[in-house]
Amino acid sequence: RAALKKAYAQARHTVPIAAEPLKLPRYVRANPLKASVEEVLAELARTHPSVVRDAHVPALLVLPPGTDVHAHPLVESSRAILQDKASCMPVVAMRAQLGWRCIDACAAPGN
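If you want it as structure tokens, here you go:
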């Protein structure tokens, strides 16, 4: 335990402090109940050609930081959902199978 405390004390002084706040990408999750990922990607690419698929979450699309898609027809029709990547990770980690009954105990107000 003492070695861990010593290592922590040394490491915290070597971690660089960012001059500017970290700017995270805008994540957009396709709602599979209303549209496929390919449909959402194609429609979003018409107005935002820089959109790409996320490398870790199959239904997640990535846009540059600060991209505003709150009023996009995909979002307004619930075919796409604005969701942080961290909120998608429990589903990926769980590897749910067809027919499973699952309770979403990770949700918070506003998600």
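Under our numbering, the residue at position 5 of the sequence shown is numbered -8, and the numbers go up by one with no gaps. Think of the CB as a built atom: it goes at the ideal place given N, C-alpha and C, for glycine as much as any other residue. The model shown is predicted, which means the values in this text are computed figures rather than measured ones.
- For R66, there is no enclosing alpha helix (DSSP H), as DSSP gives it neither H nor E.
- Residue environment for V39: exposed (fewer than 16 other C-beta atoms within 10 angstroms of its C-beta).
- In the structure shown, V49 adopts extended strand secondary structure according to DSSP, grouped into three states.
- Contact annotation: the stretch 40 to 48 does not touch the stretch 82 to 93, with fewer than three C-beta pairs closer than 8 Å.
- Bridge pairing for Y14: V49 [DSSP].
- Around the beta carbon of R13, 16 or more other beta carbons sit within 10 angstroms, so the residue counts as buried.
- One alpha carbon belongs to H43, the other to S37, and they sit about 18 Å apart.
- The alpha-carbon separation between E25 and P77 amounts to approximately 22 Å.
- The beta carbon of H35 sits closer than 6 Å to those of L50, all from its chain and outside the five residues before and after it, given in chain order.
- Straight-line measurement puts the Cα of E7 at about 32 Å from the Cα of V27.
- For K72, the enclosing alpha helix (DSSP H) starts and ends at K72 to M81.
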